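S.K.: Here you go, one structure.
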Amino acid sequence: RTYKGVPVVQSRPGKGGTNMNEASMITNREFCLVSNRSKLIRMIMQPWLALGHDPKLVTRLSTAVRKAIRANASLLPGERDLADAHFEHLAGFEYNMNSPFSEYFNAPILVNKIPEGIRLQIPEFNPRTTLIFPPAGVACELRVLLTAIDLAKQRYCHCEEKTILIPEGSTH
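According to my numbering, the stretch in the sequence shown is residues 96 to 267, in order.
Next comes the structure, spelled out in C-alpha coordinates:
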(Lines of atoms letter the chains of each structure in order from A and count residues from 1; the text may use other names and numbers.)
(Lines give C-alpha, C1' and ligand atoms only; values in the text may rest on other atoms or scores of the structure.)
Protein backbone atom coordinates (compact mmCIF):
# COMPACT_ATOMS: atom_id res chain seq x y z
CA ARG A 1 0.00 0.00 0.00
CA THR A 2 1.05 3.64 -0.15
CA TYR A 3 0.87 6.34 2.49
CA LYS A 4 1.20 9.99 1.43
CA GLY A 5 2.63 8.82 -1.87
CA VAL A 6 5.30 6.62 -0.27
CA PRO A 7 5.17 2.81 -0.65
CA VAL A 8 4.81 1.11 2.75
CA VAL A 9 5.29 -2.61 3.43
CA GLN A 10 3.20 -3.96 6.28
CA SER A 11 2.68 -7.37 7.79
CA ARG A 12 0.80 -8.71 10.75
CA PRO A 13 2.93 -9.80 13.71
CA GLY A 14 3.98 -13.43 13.30
CA LYS A 15 2.64 -13.61 9.76
CA GLY A 16 5.37 -13.26 7.16
CA GLY A 17 7.21 -10.57 9.12
CA THR A 18 10.89 -10.01 8.88
CA ASN A 19 13.15 -12.35 10.80
CA MET A 20 15.65 -10.61 13.02
CA ASN A 21 18.99 -12.12 13.86
CA GLU A 22 20.28 -12.06 17.45
CA ALA A 23 22.38 -8.91 16.95
CA SER A 24 19.35 -7.05 15.55
CA MET A 25 17.21 -8.15 18.49
CA ILE A 26 19.83 -6.92 20.98
CA THR A 27 20.11 -3.59 19.15
CA ASN A 28 16.31 -3.32 19.08
CA ARG A 29 16.11 -4.06 22.83
CA GLU A 30 18.68 -1.36 23.56
CA PHE A 31 16.85 1.12 21.32
CA CYS A 32 13.58 0.42 23.18
CA LEU A 33 15.39 0.78 26.52
CA VAL A 34 16.83 4.17 25.50
CA SER A 35 13.41 5.30 24.31
CA ASN A 36 11.72 4.21 27.55
CA ARG A 37 14.38 5.79 29.79
CA SER A 38 14.26 9.07 27.85
CA LYS A 39 10.48 9.11 28.13
CA LEU A 40 10.73 8.55 31.90
CA ILE A 41 13.13 11.51 32.22
CA ARG A 42 10.73 13.67 30.19
CA MET A 43 7.83 12.59 32.43
CA ILE A 44 9.85 13.57 35.51
CA MET A 45 10.60 16.97 33.97
CA GLN A 46 7.07 17.52 32.60
CA PRO A 47 6.05 20.31 35.03
CA TRP A 48 9.06 22.34 33.87
CA LEU A 49 8.95 21.32 30.22
CA ALA A 50 5.35 22.59 30.05
CA LEU A 51 6.79 26.09 30.56
CA GLY A 52 8.67 25.80 27.28
CA HIS A 53 11.23 23.69 25.48
CA ASP A 54 12.56 23.50 21.98
CA PRO A 55 11.00 21.11 19.45
CA LYS A 56 14.13 18.95 19.12
CA LEU A 57 14.28 18.11 22.85
CA VAL A 58 13.08 14.52 22.42
CA THR A 59 15.75 13.70 19.83
CA ARG A 60 18.55 15.47 21.73
CA LEU A 61 17.61 13.80 25.05
CA SER A 62 17.36 10.34 23.49
CA THR A 63 20.76 10.83 21.84
CA ALA A 64 22.36 11.90 25.15
CA VAL A 65 20.78 8.96 27.02
CA ARG A 66 21.94 6.54 24.29
CA LYS A 67 25.51 7.87 24.51
CA ALA A 68 25.45 7.60 28.32
CA ILE A 69 24.21 3.99 28.23
CA ARG A 70 26.53 2.86 25.40
CA ALA A 71 29.57 4.47 27.05
CA ASN A 72 29.63 1.62 29.57
CA ALA A 73 31.85 -0.77 27.63
CA SER A 74 32.18 -3.13 30.60
CA LEU A 75 28.69 -4.49 29.87
CA LEU A 76 27.51 -6.03 26.62
CA PRO A 77 24.72 -4.49 24.54
CA GLY A 78 21.40 -5.70 25.90
CA GLU A 79 22.80 -5.85 29.47
CA ARG A 80 23.35 -2.10 29.86
CA ASP A 81 20.83 0.23 31.49
CA LEU A 82 20.62 3.80 32.70
CA ALA A 83 21.69 2.78 36.22
CA ASP A 84 25.06 1.67 34.76
CA ALA A 85 25.42 4.65 32.41
CA HIS A 86 28.24 7.16 32.23
CA PHE A 87 26.39 10.29 33.28
CA GLU A 88 29.00 12.74 32.01
CA HIS A 89 27.15 12.46 28.68
CA LEU A 90 24.13 14.05 30.35
CA ALA A 91 26.08 16.76 32.20
CA GLY A 92 25.15 20.23 31.00
CA PHE A 93 22.19 18.98 28.96
CA GLU A 94 20.03 21.97 27.95
CA TYR A 95 16.27 21.34 28.01
CA ASN A 96 15.51 24.49 26.07
CA MET A 97 18.02 25.50 23.41
CA ASN A 98 15.89 28.58 22.69
CA SER A 99 16.65 29.84 26.22
CA PRO A 100 19.64 27.88 27.57
CA PHE A 101 20.10 27.73 31.35
CA SER A 102 23.84 28.25 30.87
CA GLU A 103 23.18 31.74 29.46
CA TYR A 104 21.51 32.82 32.73
CA PHE A 105 23.51 30.90 35.33
CA ASN A 106 27.21 30.25 34.83
CA ALA A 107 28.33 28.91 38.22
CA PRO A 108 29.63 25.33 38.22
CA ILE A 109 27.18 22.71 39.46
CA LEU A 110 28.98 19.63 40.75
CA VAL A 111 27.12 16.33 40.94
CA ASN A 112 28.98 13.33 42.35
CA LYS A 113 27.95 9.78 43.09
CA ILE A 114 28.93 8.91 46.67
CA PRO A 115 28.30 5.76 48.76
CA GLU A 116 25.34 7.42 50.53
CA GLY A 117 23.74 8.54 47.26
CA ILE A 118 24.31 11.67 45.21
CA ARG A 119 25.96 14.92 46.28
CA LEU A 120 25.02 18.15 44.54
CA GLN A 121 27.28 21.14 45.21
CA ILE A 122 27.00 24.71 44.02
CA PRO A 123 30.02 26.67 45.21
CA GLU A 124 29.42 30.15 46.62
CA PHE A 125 28.99 32.67 43.83
CA ASN A 126 28.34 36.37 43.29
CA PRO A 127 24.85 36.77 41.74
CA ARG A 128 25.84 40.09 40.12
CA THR A 129 28.38 38.32 37.91
CA THR A 130 26.97 34.79 37.80
CA LEU A 131 23.27 35.42 37.08
CA ILE A 132 21.61 37.25 34.24
CA PHE A 133 18.41 38.76 35.61
CA PRO A 134 15.39 39.36 33.36
CA PRO A 135 15.07 43.02 32.28
CA ALA A 136 12.17 43.74 34.66
CA GLY A 137 13.22 41.13 37.25
CA VAL A 138 14.04 41.89 40.86
CA ALA A 139 14.93 38.36 41.93
CA CYS A 140 15.67 34.87 40.64
CA GLU A 141 14.86 31.44 42.00
CA LEU A 142 17.20 28.50 41.73
CA ARG A 143 15.31 25.22 42.18
CA VAL A 144 16.80 21.82 42.82
CA LEU A 145 14.57 18.76 42.63
CA LEU A 146 15.58 15.36 44.02
CA THR A 147 13.79 12.47 42.35
CA ALA A 148 14.01 8.74 43.12
CA ILE A 149 13.61 6.50 40.07
CA ASP A 150 12.67 2.82 39.94
CA LEU A 151 13.91 1.86 36.47
CA ALA A 152 12.49 -1.66 36.56
CA LYS A 153 8.94 -0.46 37.24
CA GLN A 154 9.25 2.78 35.25
CA ARG A 155 8.13 4.80 38.30
CA TYR A 156 9.49 7.85 40.04
CA CYS A 157 8.88 9.96 43.10
CA HIS A 158 9.81 13.58 43.68
CA CYS A 159 11.46 13.31 47.11
CA GLU A 160 12.55 16.82 47.88
CA GLU A 161 12.62 20.24 46.28
CA LYS A 162 14.76 23.17 47.39
CA THR A 163 14.18 26.72 46.20
CA ILE A 164 16.79 29.41 46.75
CA LEU A 165 15.56 32.98 46.30
CA ILE A 166 18.30 35.30 45.01
CA PRO A 167 17.49 39.04 45.12
CA GLU A 168 19.05 41.05 42.28
CA GLY A 169 21.25 43.24 44.48
CA SER A 170 22.65 40.44 46.65
CA THR A 171 26.34 39.62 46.65
CA HIS A 172 26.18 35.94 47.74
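The C-beta atom is built at its ideal place from N, Cα and C for all residues, glycine as well. Owing to the predicted nature of the structure, the values given are computational and were not obtained by experimental measurement.
Report the residue from Ile-213, Ser-157, Leu-215, Cys-235 whose alpha carbon sits nearest the alpha carbon of Arg-223.
M.R.: Looking at the Cα atoms, Cys-235 is the closest of the given residues.
S.K.: Among Asp-176, Pro-150, Thr-242, which residue has its Cα nearest to the Cα of Glu-189?
M.R.: Pro-150
S.K.: Could you please give the first and the last residue of the uninterrupted alpha helix (DSSP H) stretch that includes Ala-239?
M.R.: According to the sequence shown, residue 239 is Val rather than Ala. Premise fails: Val-239 lies in the beta strand (DSSP E), 234-245, not in any alpha helix (DSSP H).
S.K.: Roughly how many angstroms lie between the CA atoms of Ile-244 and His-181, to the nearest whole one?
M.R.: 17 Å
S.K.: Whose C-beta lies closer than 7 Å to the C-beta of Asn-167 among residues of the same chain, with five residues either side of it excluded?
M.R.: Arg-175, Asp-179, Ala-180, His-181
S.K.: From Lys-208 to Pro-142, what distance separates their C-alpha atoms?
M.R.: Looking at the backbone, the Cα of Lys-208 and that of Pro-142 are separated by about 26 Å.
S.K.: In terms of alpha-carbon separation, which member of Pro-229, Glu-183, Ser-157, Ala-186 lies closest to Lys-134?
M.R.: Nearest C-alpha to Lys-134: Ser-157.
S.K.: Here's a check: name, in chain order, each residue in its chain whose Cβ is nearer than 8 Å to the Cβ of Leu-246, leaving out the five neighbours to either side.
M.R.: Once the five neighbours on either side are set aside, the close Cβ partners of Leu-246 are Arg-132, Leu-135, Asp-176, Leu-177, Ala-178.
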